[in-house]
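Take a look at the structure below.
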Amino acid sequence: MQQRKSVTQEYTNSVLLNGTLETPKWWPYLVSILSFFVLVGIGLFFVQIYYGLGVTGLSRPVYWGLYITTFVFWVGISHAGIMISAILRLTQAEWRRPVTRAAEILTIFSLLTALVFPLIHAGRTWRIIYWLLPFDFARGIWPNIRSPLFMDPIAIGTYLTGSTLFLFVALIPDLAVLRDRTTGLRKGFYTILAMGWRGNPRQWKMQVVGGILLSALMLPIFVSVHSIVSWDFAVTIGVEGWHSTIFAPYFVIGAVHSGVSAVVTMMALMRWGWGWNDFIRPEHFDALARLLTVVATAWLGFTFLELLFSLYGLDAPEIALREMQIFQYPWNMLFLLFLLTGFIIPVPMWLFKRVRTNIALMFWSSIMVNIGMWLERFLIIVPGLSRKTPFVFTWESYTPSWFEWYILFWSFCWVTLLMLLFSKVFPLVPLFEQKESEVFSDSVKIGRANVPTIFREEEE
Amino acid sequence: MSKSILGLFLDPNSAADAMDGLKESGFEQGSFDVLTGTPYPEGAFGEHVPQHRLFRFPAFGAIIGFSASLFLTSATQLAYPLITGGKPILSIFAMLIIMYEMTMLSAVIFSVIGIIFESRLPNIHPSAYDPRITEGYIGVVISVEDKDLNKAKAVFEKTGSEEVKVV
């Protein structure tokens with residue numbers, strides 16, 4: 010931690026609460042613009058309900074298009090939180106401290122957004138209740154538990170509930186800081202949420218032990234969520250390109266790749282927007298880029314394994330699909346763009362420390378990864394369906410309508426708006442984690458060198 | 005009548021001295037506590053190391069979640085016994101996935117209940133406190149009878165307390 014600057018707890022409070030207790034000049038403008046786009050999107054959703062799914066480009070045989078692609082994309086982004094927060098907490102990685110809260114919030118808001126997409130995609134949204142809840146006592150028809158389309162909301166619901174509780178527990182000490190620094194109604198609000206937190210050894214011990222316990226419990230859920238999302242496709246025998254045995258780990262590693270990249274994007278924006286240069290430092294981007302290099306390489310391995318396994322069986326329809334995906338226009342262009350943005354451009358960039366510690370380059374390379382990861386999901390979902398197959402007599406391919414493109418754009422506005430609203434009420438960087446880091450850091454003289462050190466308590 | 009006294013310290017060593025002083029003056033270990041704005045290493049102030057039973061909560065939650073999910077997945081299938089492809093009514097592998105998720109969900113919910121309970125929250129009647137604790141000050145708080153008030157105050161003053169508050 011060479012770039013660390015020793016700061017007081019008072020300074021930490023004043024800087025990291027500048028977005029919560031004060032309002033940055035750009036905040037109201039950005040929130041107003043985003044609110045406008047979000048409201049237009051909600052309006053379009055009602056228009057779609059009125060006119061039906063005919064306003065989209067969905068048609069036989071492509072029933073799953075941009076909406077489902079974007080659903081999988083946002084579930085993927087949600088894997089940032091637990092990957093960063095739980096794994097780094099369990100391994101006691103020091104550089105996790107400024108990143109964890111942002112990653113957890115990103116998890117929650119991207120899951121909320123992901124959950125909206127099947128509702129939009131369903132057309133008659135209200136009918137989803139029959140699909141999800143065992144409530145139709147009159148007719149005795151229950152949800153089909155054998156379907157991954159039922160397992161999916163259960164897994165995402167579990168992940169969303171768990172992540173929200175995980176975030177809340179870690180927020181309690183910071184809520185006490187806000188309680189101590191506000192007046193009037195806001196003080197009342199934070200007083201209720203802080204539940205009388207005082208910061209005695211018992212409460213701190215529960216924060217530390219509880220954080221590790223919840224991390225350990227959330228990790229298996231994290232792995233299961235995208236595995237189950239992958240089964241939405243993998244258990245469908247009739248669609249080439251979907252019926253793959255390695256889809257579960259392939260989806261999980263892809264989700265980590267896109268999720269951690271999204272955290273990089275978000276950290277850069279937080280540093281620029283709120284000026285938290287003393288807390289979100291180039292060394293944090295450096296550490297995230299190293300992690301991403303490993304994750305991206307593993308993900309590329311799975312991408313080629315998936316391709317290899319599909320060709321190895323010498324199944325004619327499968328080979329035809331791959332030929333279309335890789336060599337036929339326009340899919341070949343998308344495939345090339347996907348490989349370039351998902352791996353070929355960003356990963357070699359990250360091999361250089363100058364890039365890893367350059368925040369602007371990290372920002373743009375992380376955006377690039379997520380363009381690639383969105384395309385990956387699109388290339389998995391759509392070509393498999395749009396291929397000519399027996400007994401399908403409408404061989405039209407799929408062109409998303411402007412409705413669908415707008416709803417995709419809406420989802421980004423929606424997540425950003427939620428993050429900005431959150432930042433006005435709660436701190437985006439965990440204050441107590443930063444303060445703890447100060448308590449546990451020092452420097453040790455070894456020979457003539459002054460070495461910055463971090464102490465770690467021995468677990469009993 | 006019992007009163008709550010809070011001594012505020014800037015230096016962790018002085019706060020630790022105050023804790024030692026209170027012990028030496030004959031106050032019971034459970035009657036005083038240290039309040040900080042950040043976690044310090046366990047035993048840094050010579051405080052009583054708290055014991056907890058947090059790990060029982062997720063285990064209990066997991067049992068409840070597993071039982072509820074077993075009931076839900078099997079009962080809904082048995083209530084509408086539609087034989088598909090000559091396969092058994094109860095689809096064990098599909099049930100296991102739902103049961104896994106619900107077991108984990110319940111374990112997480114009970115863990116959070118456990119964390120809140122073991123932190124002794126919500127704390128509706130908090131004793132002496134000062135907002136400066138979340139700004140870096142270290143508070144040593146003790147509940148005493150009127151007769152022991154001066155004895156406790158003397159300990160705080162002797163160990164270099166920045167301020168002593170009586171509530």
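Top to bottom, those sequences are chains E and Y. Residue numbering for the first sequence follows our numbering, starting at 10 and increasing by one per position. Residue numbering for the second sequence follows our numbering, starting at 5 and increasing by one per position. Don't be surprised by glycine CBs; every beta carbon is placed ideally from N, CA and C. Being a predicted model, the structure only gives us computed values, none of them experimental.
Taken through DSSP and simplified to helix, strand or coil, E:ILE255 comes out as coil. It is roughly 25 Å from the alpha-carbon of E:LEU394 to the alpha-carbon of E:PHE54.
Note that the region 13-31 of chain Y touches the region 42-52 of chain Y; at least 3 beta-carbon pairs, one per stretch, sit closer than 8 Å.
Under the 8 Å Cβ criterion, the region 99-111 of chain E does not count as touching the region 151-166 of chain E, having fewer than three qualifying pairs. By the neighbour-count definition (other C-beta atoms within 10 Å, threshold 16), E:TYR321 is an exposed residue. Residue pairing from DSSP places E:SER450 in a beta bridge opposite E:ILE463. For E:TRP151, the nearest CB of chain Y lies under 7 Å from its own CB, placing it at the interface with that chain. In the DSSP assignment, Y:GLU149 forms a beta bridge with Y:SER6. In this structure, Y:MET23 keeps its C-beta atom at 7 Å or more from the C-beta atom of Y:SER73. In terms of Cβ geometry, E:TRP83 and E:THR134 do not form a close pair [threshold 7 Å]. With respect to chain Y, the C-beta atom of E:ASN27 has no partner C-beta closer than 7 Å.
Under the 10 Å beta carbon count, Y:TYR141 is surrounded by 16 or more other beta carbons and is classified as buried.
When the five nearest sequence neighbours on each side are left out, the beta carbons in the same chain lying within less than 8 Å of the beta carbon of Y:ASP152 are those of PHE31, in order along the chain. Taking a beta-carbon distance threshold of 7 Å, E:GLN334 does not count as an interface residue toward chain Y.
The beta carbon of Y:THR107 does not come within 7 Å of any beta carbon belonging to chain E, so the residue lies off that interface.
With a threshold of 16 other beta carbon atoms within 10 Å, E:VAL391 meets it and is buried. Y:VAL171 places its beta carbon 7 Å or farther from that of Y:LYS157.
Contact residues of the region 217-240 of chain E toward chain Y are VAL217, VAL218, GLY219, LEU222, LEU223, LEU226, MET227, PRO229, ILE230, SER233, ILE237 (C-beta to C-beta distance below 8 Å).
Between the region 89-99 of chain E and the region 259-276 of chain E, the count of Cβ pairs shorter than 8 Å is three or higher; the stretches touch. Following the DSSP letters along the chain, one finds E:VAL81 inside the alpha helix (DSSP H) bounded by residues 75-86. Think of a sphere of 8 Å around the beta carbon of Y:GLU46: the chain E residues whose beta carbon falls inside it are PRO210, LYS214, GLU466, in chain order.
Below 8 Å, too few C-beta pairs join the region 285-293 of chain E and the region 322-330 of chain E to call them touching: fewer than three. Under a criterion of Cβ atoms nearer than 7 Å, the residues of chain Y adjacent to E:THR167 are, in order, GLU105, MET108, LEU109. Scanning chain Y for C-beta atoms nearer than 7 Å to the C-beta of E:VAL448 yields THR42, TYR44, reported in chain order. The contact set of Y:LEU125 on chain E, defined by CB atoms closer than 8 Å, consists of ILE181, MET204, GLY205, TRP206, GLN212 in chain order.
If you check the CB distance, E:VAL49 and Y:LEU58 do not come in under 7 Å. C-alpha of E:ARG211 to C-alpha of Y:GLY118: approximately 13 Å in a straight line.
In the DSSP secondary-structure assignment, Y:LYS162 is not bridged to any residue. Y:ILE128 carries a coil assignment under DSSP once its states are collapsed to helix, strand and coil.
At the C-beta level, Y:VAL112 and E:GLY197 stay beyond 7 Å of one another. The way I'd put it, the region 95-110 of chain Y does touch the region 63-72 of chain Y; three or more beta-carbon pairs between them come closer than 8 Å. Annotated three-state conformation of Y:SER35 is helix, per DSSP.
Under the rule that a run must span 4 or more residues, the alpha helix (DSSP H) segments found entirely inside the region 40-124 of chain Y read 60-83, 96-122.
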